[in-house]
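**Q**
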Amino acid sequence: MTTDGKRVPAGAAVLRGEITAAIRRAVLHELAAVGYGRLSIEAVARRAGVGKTAVYRRWGSKLDMVREIVADVADHRLPLPDSGSLTGDIELLLQVAAQALKHPLASQIIPDLLAEAVRTPQLGQTLRAVLQARQRDVASVLVDRAVARGELPTGVDPDSVVDLVVGPLYWRLAIARTPLAAEELPRLAAAGAAAVRVRSAPPP
562 MTTDGKRVPA GAAVLRGEIT AAIRRAVLHE LAAVGYGRLS IEAVARRAGV GKTAVYRRWG
622 SKLDMVREIV ADVADHRLPL PDSGSLTGDI ELLLQVAAQA LKHPLASQII PDLLAEAVRT
682 PQLGQTLRAV LQARQRDVAS VLVDRAVARG ELPTGVDPDS VVDLVVGPLY WRLAIARTPL
742 AAEELPRLAA AGAAAVRVRS APPP
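Following this line, the structure appears as structure tokens:
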């Protein structure tokens, strides 16, 4: 029986959850070790301790496999507590983003996938769609809270908040790969909040 109560058709392959989880972990580790271009189904299966058929039962190709797994990881939602101010909320967001970008796997995988996205449009479309949607969701929460507190006017574009707030952090950690001390985050948050206020102020 499946989880929704339906009977599995006779002869259908039953996909065991622990095997799927092992394959997903193996994909991320292979991406970090060799990059998308050199990643192979065989290497993923070997790292996961399964046969190639176990991988192909779940995904029809390397591209399908990476697109789904990366999309799931990128779409993972973390709670963003309400600090009581726009600057405080931005600082919390930067703390979460910095921890994610400094993770050993993320720091190796993200630059490679961004470069590969140029060569593989289907992968690039998936990355853009998931990342933009996730960033817009978080920025919308920040903006709605700030509007409710009277810190920002209505009508602020969440996408512009992402550009002004997350952009500098991403450049430092993912592109320039310049170390970021913890004490720098409050300054980045204050600068980001000021930029958002200036951007959202009505024209004189």
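Here the working numbering is used: the first residue of the sequence shown is 562, the next is one more, and so on. We put the beta carbon where it would ideally sit given N, CA and C, even for glycine. Since the structure is predicted, the reported quantities are computational estimates derived from the model, not experimental observations.
Name the residue from S721, V727, L730, L741 whose alpha carbon lies nearest to the alpha carbon of V759.
**A** S721
**Q** Is L662 near Y731, with beta carbons less than 9 Å apart?
**A** yes
**Q** When you compare the CB positions of D673 and L589, do they come within less than 9 Å of one another, or not?
**A** no
**Q** Distance, Cα to Cα, V717 vs D698?
**A** Answer to the nearest angstrom: the Cα atoms are 13 Å apart.
**Q** Tell me the residue span of the alpha helix (DSSP H) that contains S701.
**A** From DSSP, the alpha helix (DSSP H) with S701 extends over 682–710.
**Q** What separation, rounded to the nearest whole angstrom, lies between the Cα atoms of Q669 and L703?
**A** 29 Å
**Q** Going straight from the alpha carbon of L655 to that of A750, what length do you get?
**A** 7 Å
**Q** Flag this pair as yes or no: are the beta carbons of A754 and L647 separated by less than 9 Å?
**A** Yes, the Cβ-Cβ distance between A754 and L647 is below 9 Å.
**Q** Are the beta-carbon atoms belonging to V691 and A735 less than 9 Å from one another?
**A** no
**Q** Enumerate in chain order the residues of its own chain whose CB-to-CB distance from L624 is below 8 Å, with the five nearest sequence positions on each side excluded.
**A** The residues are T681, Q683, L684.
**Q** Keeping to the same chain, check which residues put their C-beta closer than 8 Å to that of W620; ignore five residues upstream and five downstream.
**A** M626, E629
**Q** What is the C-beta distance between L713 and S761, in whole angstroms, given that I count them as a contact (C-beta under 8 Å)?
**A** 5 Å
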